[in-house]
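Trainee: Take a look at the following structure, please.
2 protein chains.
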Amino acid sequence: MHETTGLPVVGMVGGGQLARMTHQAAIALGQSLRVLASSPDDSAALVARDVMLGSHTSYADLAAFAAGCDVVTFDHEHVPSQHVRALAAAGHTVLPGADALLHAQDKQVMRTRLGELGVPVPRWAPVGSADELAAFAGGTWPVVVKAVRGGYDGRGVWVVPSAAEAAELFATGTPLLAEERVPLRRELAAVVARSPFGQGAAWPAVQTVQSDGICVEVLAPAPDLDPAVAADAERLALRIAGELDVVGVLAVELFERTDGALLVNELAMRPHNSAHWTIEGARTSQFEQHLRAVLDYPLGATELAASAVAMANVLAGPDLEGAARLDERVHHLSARWPHLKIHLYGKQPRPGRKIGHVTALGTDLAALRRDATAAAAYLATGVSDEVRHQ
Amino acid sequence: MHETTGLPVVGMVGGGQLARMTHQAAIALGQSLRVLASSPDDSAALVARDVMLGSHTSYADLAAFAAGCDVVTFDHEHVPSQHVRALAAAGHTVLPGADALLHAQDKQVMRTRLGELGVPVPRWAPVGSADELAAFAGGTWPVVVKAVRGGYDGRGVWVVPSAAEAAELFATGTPLLAEERVPLRRELAAVVARSPFGQGAAWPAVQTVQSDGICVEVLAPAPDLDPAVAADAERLALRIAGELDVVGVLAVELFERTDGALLVNELAMRPHNSAHWTIEGARTSQFEQHLRAVLDYPLGATELAASAVAMANVLAGPDLEGAARLDERVHHLSARWPHLKIHLYGKQPRPGRKIGHVTALGTDLAALRRDATAAAAYLATGVSDEVRHQ
Numbered sequence: 001m002h003e004t005t006g007l008p009v010v011g012m013v014g015g016g017q018l019a020r021m022t023h024q025a026a027i028a029l030g031q032s033l034r035v036l037a038s039s040p041d042d043s044a045a046l047v048a049r050d051v052m053l054g055s056h057t058s059y060a061d062l063a064a065f066a067a068g069c070d071v072v073t074f075d076h077e078h079v080p081s082q083h084v085r086a087l088a089a090a091g092h093t094v095l096p097g098a099d100a101l102l103h104a105q106d107k108q109v110m111r112t113r114l115g116e117l118g119v120p121v122p123r124w125a126p127v128g129s130a131d132e133l134a135a136f137a138g139g140t141w142p143v144v145v146k147a148v149r150g151g152y153d154g155r156g157v158w159v160v161p162s163a164a165e166a167a168e169l170f171a172t173g174t175p176l177l178a179e180e181r182v183p184l185r186r187e188l189a190a191v192v193a194r195s196p197f198g199q200g201a202a203w204p205a206v207q208t209v210q211s212d213g214i215c216v217e218v219l220a221p222a223p224d225l226d227p228a229v230a231a232d233a234e235r236l237a238l239r240i241a242g243e244l245d246v247v248g249v250l251a252v253e254l255f256e257r258t259d260g261a262l263l264v265n266e267l268a269m270r271p272h273n274s275a276h277w278t279i280e281g282a283r284t285s286q287f288e289q290h291l292r293a294v295l296d297y298p299l300g301a302t303e304l305a306a307s308a309v310a311m312a313n314v315l316a317g318p319d320l321e322g323a324a325r326l327d328e329r330v331h332h333l334s335a336r337w338p339h340l341k342i343h344l345y346g347k348q349p350r351p352g353r354k355i356g357h358v359t360a361l362g363t364d365l366a367a368l369r370r371d372a373t374a375a376a377a378y379l380a381t382g383v384s385d386e387v388r389h390q
Numbered sequence: 001m002h003e004t005t006g007l008p009v010v011g012m013v014g015g016g017q018l019a020r021m022t023h024q025a026a027i028a029l030g031q032s033l034r035v036l037a038s039s040p041d042d043s044a045a046l047v048a049r050d051v052m053l054g055s056h057t058s059y060a061d062l063a064a065f066a067a068g069c070d071v072v073t074f075d076h077e078h079v080p081s082q083h084v085r086a087l088a089a090a091g092h093t094v095l096p097g098a099d100a101l102l103h104a105q106d107k108q109v110m111r112t113r114l115g116e117l118g119v120p121v122p123r124w125a126p127v128g129s130a131d132e133l134a135a136f137a138g139g140t141w142p143v144v145v146k147a148v149r150g151g152y153d154g155r156g157v158w159v160v161p162s163a164a165e166a167a168e169l170f171a172t173g174t175p176l177l178a179e180e181r182v183p184l185r186r187e188l189a190a191v192v193a194r195s196p197f198g199q200g201a202a203w204p205a206v207q208t209v210q211s212d213g214i215c216v217e218v219l220a221p222a223p224d225l226d227p228a229v230a231a232d233a234e235r236l237a238l239r240i241a242g243e244l245d246v247v248g249v250l251a252v253e254l255f256e257r258t259d260g261a262l263l264v265n266e267l268a269m270r271p272h273n274s275a276h277w278t279i280e281g282a283r284t285s286q287f288e289q290h291l292r293a294v295l296d297y298p299l300g301a302t303e304l305a306a307s308a309v310a311m312a313n314v315l316a317g318p319d320l321e322g323a324a325r326l327d328e329r330v331h332h333l334s335a336r337w338p339h340l341k342i343h344l345y346g347k348q349p350r351p352g353r354k355i356g357h358v359t360a361l362g363t364d365l366a367a368l369r370r371d372a373t374a375a376a377a378y379l380a381t382g383v384s385d386e387v388r389h390q
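These protein sequence lines are chains A and B, in that order. Take 1 as the starting number for the first sequence in the working numbering and just add one per residue. Take 1 as the starting number for the second sequence in the working numbering and just add one per residue.
Here is the structure:
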């Protein structure tokens, strides 16, 4: 219990932008998020009062952190399973729990379990050698190879054109799995939240747009998606959340195959980039909802606050040297697009790094998308045909 | 400049809920609000990383605080004018500046100036004795007596039924002014923001509902207000902001007389209770807008995110003992009203104290108002006909 407010204390392991935006949501609930950060310059550590510096791979640090929390939750999937289990065994409330979280940490466990549940997934198999990969491919290349653990934002994923080209991957000894390359119409995501009580709430399914494996745009709700298919996606995500006993936000990344079928690609059990649009675009944001879920509060309403929403990530460009220029860009951006919502994460703008996102809300999705992507590109690079320098 | 982000640092003097909600808005802009708080348990100090403890009446503390800020602004009007002037003289950027701020600190200066500008105000006069008060009244009682400085939330305001009853007030030596008791239809507020560049932006005029001099409800936009009168109110507020060289948010509290005329009652030059509804109810909240203004960023769009908004303050009831009960109430409230947005300030629930607010958004103002007031009453007291205990 917080010594001043008497309210339960939520602690988040990891000090990235997800923790930063969760802290922002926590403030409205009378909370102050406790953060385990690796550096005082971490995105969340820059804005939260209750920050402990430590490592998410050190059990001693995790245990010391948990001692000051009523509930421990996560900004990423990289806490070792055995540590999550040990925290729970020591009497800490850890949500999502280790058994659920494993499905967001280990792609082989996840695919095996989803298969058992009859959830459609791409054809896949664990592969330990180039020969096994060739056997899996059966002559159809390319094949997608993924690290069983540790990948994110396109890392740990390789599109392999032949068995010979995969030799290097197998040489590292990293556990790998192979996956058919799905003929894609596009990628979707169904994001839901679930409480320990078992209440579930879904946001409308969205379209996600990737570039080099990194999400660059999210369109909500997913345009031109058959309402029955959208409802199926939302139900599927709620079902997975229930079957895996997820508590908190669950993001289900989906492939929409060219024949219209939906296949589950990945799971994330935390606030997720595909639902950043909910901050302004839905009555309850994913960050507030994650807090509500881990606090076992009844979940908030998830309906849209606008008929269409476009979110674009700001991926720092090579020329974004120093934040003085970022500040100048915010000026220009605000003059050009006063309706756009800016979110900056306080991160050093190393090239390719997600340093923020922008959200446009309204009715004309094409226009919103044009504005959001132009604004994000301008923030990232200082160059945009859409901006008239003043 | 912030040592990590390189962005300008905004400091707010005062650690109340306005600073708390400004910090929340700052996070999205890549900022982290620096706060001068009187205690580590202040509302904003509970959630902000960069907190200095000190007194807003100590110039040494203010100067030390300002040294770490690019811009200094305020969560209240209680910083002595001479200190505000001295900070500016020492080269600090202080917004709003001392000359503007004086009009929110000194009711006599404000009324005199507004009179010079031809802005309609209630009939008033400075009064130094019961005899002067009687002369002002001219036989028509009651008369409103106000402390020239230091009043807020109904403090420093007395409705006086006769000269004899005012004797005690004059005995204290506090500078006072007398004001006609305006025959009221209701109270309104026009809230705007203005940047140093001179850009202005207005939110729609709202109706405020007071009880014992404390704002308890805000309805946005003001229902049944002639659009021409609403536009007049907004223009008037923008004009006052310009004439007084206000930077930041300016709230103009208005009386709507029974004959429909609008008179200016009070001015506040900071985020204001009458615009808390903008957090979810407008594209840009007053907190973000205040930051944009003091940073001289272009202002954000102010249009409504819903056609009707009702906000109700949570004034702690006598039986709200300890926050464990508050936590329980949040549970019940969330189950009963999943659409409602809760804002808790982390404050100790002393009876009558504003400890939070709730906001309802939609289309049916009567229903929104019923929900917001019932929910606020339930949070405050644990009693509501609207809540079925579970």
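Positions of the beta carbon are idealized from the N, C-alpha and C atoms, including for glycine. What you are looking at is a predicted structure, and each value in this text was computed from that prediction instead of being measured.
Does the region 13 to 23 of chain A come close enough to the region 67 to 85 of chain A to have 3 or more Cβ pairs within less than 8 Å?
Mentor: yes
Trainee: For glycine 105 of chain A, does the count of other Cβ atoms within 10 angstroms reach 16, so buried, or fall short, so exposed?
Mentor: Within the first sequence, the letter at position 105 stands for residue 105 of chain A. Note on identity: in this sequence residue 105 of chain A is glutamine, with glycine being the wrong assignment. Under this definition glutamine 105 of chain A is a buried residue.
Trainee: Can the beta-carbon of leucine 340 of chain A be found closer than 9 Å to that of proline 223 of chain A?
Mentor: For the purposes of this step, residue 340 of chain A is taken as the residue at position 340 of the first sequence. For the purposes of this step, residue 223 of chain A is taken as the residue at position 223 of the first sequence. Contact: no.
Trainee: Taking its Cβ as the centre, do 16 or more other Cβ atoms sit within 10 Å of arginine 123 of chain A, making it buried, or is it exposed?
Mentor: Mapped onto the first sequence, residue 123 of chain A falls at position 123. Classification for arginine 123 of chain A: exposed.
Trainee: Per DSSP, which one or two residues make a beta bridge with tryptophan 141 of chain B?
Mentor: Translated into positions along the second sequence, residue 141 of chain B becomes position 141. None, per the DSSP bridge assignment.
Trainee: So what does DSSP say about valine 330 of chain A, is it helix, strand or coil?
Mentor: Here residue 330 of chain A refers to the residue found at position 330 of the first sequence. Note: valine 330 of chain A maps to helix in three-state DSSP.
Trainee: Note down, in chain order, every chain B residue with its Cβ under 8 Å from the Cβ of aspartate 41 of chain A.
Mentor: In the first sequence, the residue the question calls residue 41 of chain A occupies position 41. Within 8 Å Cβ-Cβ: Thr4.
Trainee: Under 9 Å, CB to CB, which of the residues in the region 6 to 39 of chain A have a partner in chain B?
Mentor: Residues passing the 9 Å Cβ filter: Gly6, Leu7, Pro8, Arg20, Met21, His23, Gln24, Ala25, Ala26, Ile27, Ala28, Leu29, Gly30, Gln31, Ser32 and Leu33.
Trainee: Check the C-beta distance from methionine 52 of chain A over to leucine 36 of chain A and give it rounded, since I have them as a contact under 8 Å.
Mentor: Taking the first residue of the first sequence as position 1, residue 52 of chain A is located at position 52. Taking the first residue of the first sequence as position 1, residue 36 of chain A is located at position 36. Yes, they are in contact, since the Cβ atoms of methionine 52 of chain A and leucine 36 of chain A sit about 5 Å apart, within 8 Å.
Trainee: One question on the structure: do alanine 268 of chain B and glutamate 256 of chain B come within less than 9 Å of each other, judged by their Cβ atoms?
Mentor: For the purposes of this step, residue 268 of chain B is identified with residue 268 of the second sequence, where counting begins at 1. For the purposes of this step, residue 256 of chain B is identified with residue 256 of the second sequence, where counting begins at 1. The Cβ-Cβ distance between alanine 268 of chain B and glutamate 256 of chain B does not fall below 9 Å.
Trainee: In the region 132 to 149 of chain A, which residues sit with their C-beta less than 7 Å from some C-beta in chain B, listed in chain order?
Mentor: none
Trainee: Could you name the residues of the same chain whose beta carbon sits closer than 6 Å to that of alanine 163 of chain A, not counting the 5 residues immediately before and after it, in chain order?
Mentor: Translated into positions along the first sequence, residue 163 of chain A becomes position 163. Residues Ala130, Leu133 and Ala134 of the same chain have their beta carbon placed closer than 6 Å to that of alanine 163 of chain A, with the five preceding and five following residues left out of the count.
Trainee: At least one CB of chain B closer than 9 Å to the CB of valine 387 of chain A: is that the case?
Mentor: Within the first sequence, the letter at position 387 stands for residue 387 of chain A. A caution first: valine 387 of chain A carries a pLDDT of 48, below 50, which makes its placement in the model unreliable, though a value can still be read off. Taking Cβ atoms only, chain B never reaches closer than 9 Å to valine 387 of chain A, which makes this a no.
Trainee: Does the beta-carbon of aspartate 259 of chain A have 16 or more other beta-carbons within 10 angstroms, so that it is buried, or is it exposed?
Mentor: Within the first sequence, numbered from 1, the residue matching residue 259 of chain A stands at position 259. Exposed, because fewer than 16 other Cβ atoms sit within 10 Å of the Cβ of aspartate 259 of chain A.
Trainee: So what's arginine 353 of chain A in DSSP terms, helix, strand or just coil?
Mentor: As a working note, residue 353 of chain A is residue 353 in the first sequence. Three-state DSSP puts arginine 353 of chain A in coil, outside helix and strand.
Trainee: Please give the ranges of any alpha helix (DSSP H) in the region 198 to 256 of chain A, keeping only runs that are unbroken, at least 4 residues long and fully inside the region.
Mentor: 227 to 243
Trainee: Between which two residues does the beta strand (DSSP E) holding leucine 344 of chain B run?
Mentor: Translated into positions along the second sequence, residue 344 of chain B becomes position 344. Note, leucine 344 of chain B: beta strand (DSSP E), 341 to 344.
Trainee: Relative to the alpha-carbon of arginine 149 of chain B, which residue among B:Glu165, B:Pro142 and B:Leu176 has its alpha-carbon at the smallest distance?
Mentor: Looking up residue 149 of chain B in the second sequence gives position 149. Checking every option, the nearest Cα to that of arginine 149 of chain B belongs to B:Leu176.
Trainee: When we look at the beta-carbon of glutamate 187 of chain B and count the other beta-carbons within 10 Å, is it buried (16 or more) or exposed?
Mentor: Here the question's residue 187 of chain B lines up with position 187 in the second sequence. Buried, by the Cβ-count rule.
Trainee: Give the secondary structure of arginine 369 of chain B by DSSP, where H, G and I count as helix, E and B as strand, and everything else as coil.
Mentor: Locating residue 369 of chain B in the second sequence gives position 369, where the first residue counts as 1. Residue state, collapsed to three classes: helix.
Trainee: Can you confirm whether proline 122 of chain A, when its beta carbon is compared against all beta carbons of chain B, has any partner nearer than 9 Å?
Mentor: As a working note, residue 122 of chain A is residue 122 in the first sequence. At a cut-off of 9 Å between beta-carbon atoms, proline 122 of chain A makes no contact with chain B.
Trainee: Given that a residue counts as buried once 16 or more other Cβ atoms are within 10 Å of its Cβ, and exposed if not, what is glutamine 82 of chain A?
Mentor: Translated into positions along the first sequence, residue 82 of chain A becomes position 82. Exposed, since its Cβ has fewer than 16 Cβ neighbours within 10 Å.
Trainee: As a quick exercise: from B:Leu244, B:Leu315, B:Leu333 and B:Ala375, pick the residue whose alpha carbon is nearest that of alanine 98 of chain B.
Mentor: Taking the second sequence and counting its residues from 1, one reaches residue 98 of chain B at position 98. That would be B:Leu244, whose Cα lies nearest to the Cα of alanine 98 of chain B.
Trainee: Between aspartate 245 of chain B and chain A, is the shortest Cβ-Cβ distance under 9 Å, so that the two count as touching?
Mentor: Sequence index remark: in the second sequence, residue 245 of chain B carries index 245 (1-based). No, aspartate 245 of chain B does not count as interfacial toward chain A.
Trainee: Do valine 191 of chain B and tryptophan 203 of chain B count as a contact pair if the criterion is CB distance below 9 Å?
Mentor: What you label residue 203 of chain B is simply residue 203 of the second sequence in a count that begins at 1. What you label residue 191 of chain B is simply residue 191 of the second sequence in a count that begins at 1. Yes.
Trainee: Using alpha carbons as the reference points, say which of B:Leu62, B:Gln24 and B:Ser58 lies closest to leucine 46 of chain A.
Mentor: Position 46 of the first sequence holds residue 46 of chain A. Minimum Cα distance to leucine 46 of chain A is reached at B:Gln24.
Trainee: Flag serine 334 of chain B as yes if its beta-carbon sits less than 9 Å from any beta-carbon of chain A, otherwise no.
Mentor: The count along the second sequence starts at 1 and reaches residue 334 of chain B at position 334. It does; some Cβ of chain A falls within 9 Å.
Trainee: With a threshold of 9 Å between beta carbons, is alanine 316 of chain B in contact with chain A?
Mentor: Mapped onto the second sequence, residue 316 of chain B falls at position 316. Contact of alanine 316 of chain B with chain A is not assigned, every C-beta pair being separated by 9 Å or more.
Trainee: Output the distance between the C-alpha atoms of histidine 389 of chain A and leucine 326 of chain A, rounded to the nearest integer angstrom.
Mentor: Taking the first residue of the first sequence as position 1, residue 389 of chain A is located at position 389. Taking the first residue of the first sequence as position 1, residue 326 of chain A is located at position 326. Because the pLDDT of histidine 389 of chain A is 43, which lies under 50, any placement of that residue in the model is unreliable, and the number read from its coordinates should be weighed accordingly. Taking the straight line joining both Cα atoms gives about 14 Å.
Trainee: Mind listing the chain A neighbours of aspartate 327 of chain B? Cutoff is C-beta to C-beta under 8 Å, in chain order.
Mentor: Your numbering for residue 327 of chain B matches position 327 in the second sequence. The answer, in chain order, is Gly6, Leu7 and Pro8.
Trainee: In three-state terms, what does DSSP make of aspartate 61 of chain B?
Mentor: The sequence position of residue 61 of chain B within the second sequence is 61, counting from 1. In the structure shown, aspartate 61 of chain B sits in a helix (DSSP, three-state: H, G or I).
Trainee: Which runs of the alpha helix (DSSP H) at least 4 residues long sit entirely within the region 70 to 137 of chain B? Give them in chain order.
Mentor: Taken in chain order, the whole alpha helix (DSSP H) runs of length 4 or more contained in the region 70 to 137 of chain B are 81 to 89, 98 to 105, 107 to 116 and 130 to 137.
Trainee: Between glutamate 179 of chain B and proline 96 of chain B, what straight-line distance do the alpha-carbon atoms span, to the nearest angstrom?
Mentor: Reading the second sequence from its first residue, position 179 is the one you call residue 179 of chain B. Reading the second sequence from its first residue, position 96 is the one you call residue 96 of chain B. Going by the C-alpha atoms only, they are around 27 Å apart.
Trainee: To which residues of the same chain is alanine 316 of chain A closer than 7 Å at the C-beta, ignoring the five residues directly before and after it?
Mentor: Within the first sequence, the letter at position 316 stands for residue 316 of chain A. The residues are Pro349, Arg350, Pro351, Gly352, Arg353, Ile355 and Ala380.
Trainee: Is any beta-carbon of chain A found at less than 9 Å from that of proline 338 of chain B?
Mentor: Mapped onto the second sequence, residue 338 of chain B falls at position 338. It does; some Cβ of chain A falls within 9 Å.
Trainee: Compute the Euclidean distance between the alpha carbons of valine 387 of chain B and aspartate 70 of chain A, then round it to the nearest angstrom.
Mentor: The residue labelled residue 387 of chain B in the question sits at position 387 within the second sequence. The residue labelled residue 70 of chain A in the question sits at position 70 within the first sequence. Caution is warranted here: a pLDDT of 48 is assigned to valine 387 of chain B, below 50, making its placement in the model unreliable, and no coordinate value can be reported.
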